[in-house]
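This note's numbering puts the first residue of the sequence shown at 434, with every later residue one more than the last. We treat Cβ as the ideally placed atom computed from N, Cα and C, and that holds for glycine. Written below as structure tokens is the structure these notes are about.
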Amino acid sequence: MEWSLFTCDELTGLIIACALVLPDKKLASVTVETVMNKFPKKDFAKGIDRERFDYVEPNLGLSIRDFVGLCLSGLQSISTELGL
Numbered sequence: 434m435e436w437s438l439f440t441c442d443e444l445t446g447l448i449i450a451c452a453l454v455l456p457d458k459k460l461a462s463v464t465v466e467t468v469m470n471k472f473p474k475k476d477f478a479k480g481i482d483r484e485r486f487d488y489v490e491p492n493l494g495l496s497i498r499d500f501v502g503l504c505l506s507g508l509q510s511i512s513t514e515l516g517l
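Structure representation (structure tokens):
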């Protein structure tokens, strides 16, 4: 659980940043591919500690793509509460 929270904290920031640069600013429009395309761009969401994502596979047994999908799905399920 600790590793999930440790890595998910940064990932939610990245996902929300992805939503905010879209024309409609909606989490529903964000896809795993959107996040994966923005992930390597160091000038995008500069405050995100991307090194934390190195802990996903060895500690959670998930690929980063699968973890992004889980976090994105969770955020999309509460998008109304988040205003996104």
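Separation of residue j from residue i, as counted between CA atoms
i	j	result
Phe477	Ala450	8 angstroms
Phe500	Asp457	24 angstroms
Leu508	Arg498	15 angstroms
Leu517	Leu493	28 angstroms
Glu490	Ser462	26 angstroms
Met434	Val454	30 angstroms
Residue i burial status per 10 Å Cβ neighbour count (16 or more: buried)
i	result
Ala452	buried
Leu515	exposed
Ile481	buried
Continuous alpha helix (DSSP H) stretch holding residue i: start and end
i	result
Ile511	Run containing Ile511: none; DSSP gives neither H nor E here.
Ile481	No alpha helix (DSSP H) contains Ile481, which DSSP labels as neither H nor E.
Asp442	435-453
Thr467	465-471
Any chain C beta carbon closer than 7 angstroms to residue i
i	result
Ser510	Chain labels in this structure do not include chain C; a single protein chain is all it has.
Among the options, nearest to residue i - alpha-carbon criterion
i	options	result
Pro473	Leu447, Ser512, Thr513	Leu447
Glu466	Glu443, Leu505, Lys479, Lys459	Leu505
Counting pairs of Cβ atoms below 8 angstroms between the stretch 483-493 and the stretch 438-447, do you hit three or more?
The stretch 483-493 vs the stretch 438-447: in contact.
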